[in-house]
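Residue numbers (this note's numbering), protein chains in the order written: chain A, 396 to 561; chain B, 396 to 561. A short write-up of the structure that comes next.
There are 2 protein chains.
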Amino acid sequence: MNRDRELVFFPASTSQRRDYTKRIYRLFTEYLARNGLRLTGPRRRILEYFLGAERHLSQDDIFGALRRYGIGRATVFRTLKMLEECRLINHVTGTSGKPRFEMNLERPHHDHLICVLCGRIQEVRWPKLEAIQESACRRFGFVPAWHRHEIFGRCADCSRKQSAGR
Amino acid sequence: MNRDRELVFFPASTSQRRDYTKRIYRLFTEYLARNGLRLTGPRRRILEYFLGAERHLSQDDIFGALRRYGIGRATVFRTLKMLEECRLINHVTGTSGKPRFEMNLERPHHDHLICVLCGRIQEVRWPKLEAIQESACRRFGFVPAWHRHEIFGRCADCSRKQSAGR
DNA sequence: GTCGATGCAAACGATTTGCAGTGGA
DNA sequence: TCCACTGCAAATCGTTTGCATCGAC
Chain A
396 MNRDRELVFF
406 PASTSQRRDY
416 TKRIYRLFTE
426 YLARNGLRLT
436 GPRRRILEYF
446 LGAERHLSQD
456 DIFGALRRYG
466 IGRATVFRTL
476 KMLEECRLIN
486 HVTGTSGKPR
496 FEMNLERPHH
506 DHLICVLCGR
516 IQEVRWPKLE
526 AIQESACRRF
536 GFVPAWHRHE
546 IFGRCADCSR
556 KQSAGR
Chain B
396 MNRDRELVFF
406 PASTSQRRDY
416 TKRIYRLFTE
426 YLARNGLRLT
436 GPRRRILEYF
446 LGAERHLSQD
456 DIFGALRRYG
466 IGRATVFRTL
476 KMLEECRLIN
486 HVTGTSGKPR
496 FEMNLERPHH
506 DHLICVLCGR
516 IQEVRWPKLE
526 AIQESACRRF
536 GFVPAWHRHE
546 IFGRCADCSR
556 KQSAGR
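Structural data, given as structure tokens:
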């Protein structure tokens, strides 16, 4: 299975990737400088891991992958919170309610189809749906800031397997 | 403020209410019997509280209101889980991430506008939106079971107050 | 050198579970 | 009567925080 397909956008070629990484780093260091914070080893490693991951990561994925560098759980939590605050990453509700994270920068807005059997998260773009939603909010005088639109069910693979098994 | 307006549907007249309550109880007792479970005082009280509430309740609301009957937190959690499992109630993500619950039975599907300032939860029906969503899932071979569509932002009252205060 | 960041462990808040006693069918 | 249900307290889970030390600037 090609996990890459599950991401709506991810730089494909090596040069695109290099440029993307560079832009991410610039935004990150600017954010850090603006707030009197520092670019440290653990922060760099976590960001690097996101850049290489191409899928939705849990806190455990990150901690598990980076513990060999002696990075503690607290630091992972602290950094995730920070990256979310500066809008470089986004969080999605995974199956079992545990949050998963995705790179956010320069990626078009999308919603999520979450498979309750295998936990796979598929991204979908629905521009038409977003438009309807916006206008409806306005009718209520409600000023939307962000939203969460997650659909839980069975993905194509799992529902195929399930009906074959019967 | 009339909180009732925030619910898309709730039986209005006394007789409608009585019938609704009767149907809820029948479904609940049937569910209990089917699983070899019992209709106990605490369970009855919690259900009763939902029937009278007409708004989105947190676990704390329920515990707080019923502690005078000596009902423990564990029982509230256990019962909420059970009611959710038999689909009599639904859970919505409140502000601060804590779940809130609503009666689910015989109520048309709706989404939620959640005010990040006052925590108020407003319900919206979007039949057109639901239709688009359904058809898009089908295109992916994804079989939706349930979804969560929550929009966070400022409600009409709060955004008015906020701009007046400036 | 300064002061923010780190890892560790302890603290925390929400939820769950073990258990002995209680009560619904 | 029987066994599910209860409240309580202890346990657990994910996350946060206090603190002494470390390291980026």
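Yeah, the Cβ is synthetic: ideal placement off N, Cα and C, and Gly gets one too. Source: prediction; values computed, not measured.
(message) Would A/His542 and A/Glu497 qualify as a contact pair, given that the criterion is a beta-carbon distance under 8 Å?
(response) no
(request) Express the C-alpha separation of B/Ile509 and B/Gln528 in angstroms, rounding to a whole number. (result) 21 Å
(message) Residues of chain A with CB closer than 7 Å to the CB of B/Arg421, please, in chain order.
(response) Within chain A, no residue comes near B/Arg421; the closest Cβ sits about 28 Å away, beyond 7 Å.
(message) I'd like the list of long-range same chain contacts for A/Met396, defined as Cβ closer than 7 Å, with 5 residues on each side in sequence excluded.
(response) Because the pLDDT at A/Met396 is just 40, under 50, the model does not fix this residue reliably, and the point stays unresolved.
(request) Tell me whether A/Cys550 sits in a helix, a strand or coil according to DSSP, three-state version. (result) coil
(message) Would A/His351 pass as an interface residue toward chain B - the criterion being a Cβ-Cβ separation below 8 Å?
(response) Since the displayed chain A opens at 396 and closes at 561, residue 351 of chain A lies outside it and no answer follows.
(message) I'd like to know if A/Asn499 contacts chain B, where contact means its C-beta is closer than 8 Å to some C-beta of that chain.
(response) no
(message) Suppose the cutoff is 8 Å on Cβ atoms and the five residues either side in sequence are ignored; what does the same chain contact list for A/Ser453 look like?
(response) Gly489, Lys493, Pro494, Arg495, Phe496
(message) Tell me the DSSP secondary structure of A/Ala526 in three-state form.
(response) helix
(message) Just to confirm the assignment, what range does the alpha helix (DSSP H) spanning B/Leu442 have?
(response) 436 to 448
(message) I'd like to know whether the C-beta atoms of B/Leu422 and B/Leu475 end up nearer to each other than 8 Å.
(response) no
(message) Let me check one thing: in DSSP terms, what residues is A/Arg543 bridge-paired to?
(response) B/Glu545
(request) Could you pull out every unbroken alpha helix (DSSP H) segment of at least 4 residues lying fully inside the segment 467 to 507 of chain B, listed in chain order? (result) 468 to 480
(message) Measuring straight from C-alpha to C-alpha, what distance separates B/Pro522 and A/Glu443?
(response) 42 Å
(message) Using a Cβ-Cβ cutoff of less than 6 Å, which residues in the same chain neighbour B/Asp399 once the five nearest sequence positions on both sides are dropped?
(response) With a pLDDT of 39 at B/Asp399, under the threshold of 50, the modelled position of that residue is not reliable, and the figure given next carries that caveat. So the qualifying residues of the chain are Glu449.
(message) Just list the residues that DSSP pairs B/Ser341 with in beta bridges.
(response) Past the edges of chain B, shown from 396 to 561, lies residue 341 of chain B, and the structure says nothing about it.
(request) Leaving out five residues on either side along the sequence, give the residues of the same chain with a beta carbon under 7 Å from the beta carbon of A/Leu427. (result) Arg433, Leu434
(message) On the criterion of 16 or more Cβ atoms from any shown chain inside 10 Å, does B/Asn485 qualify as buried, or is it exposed?
(response) buried
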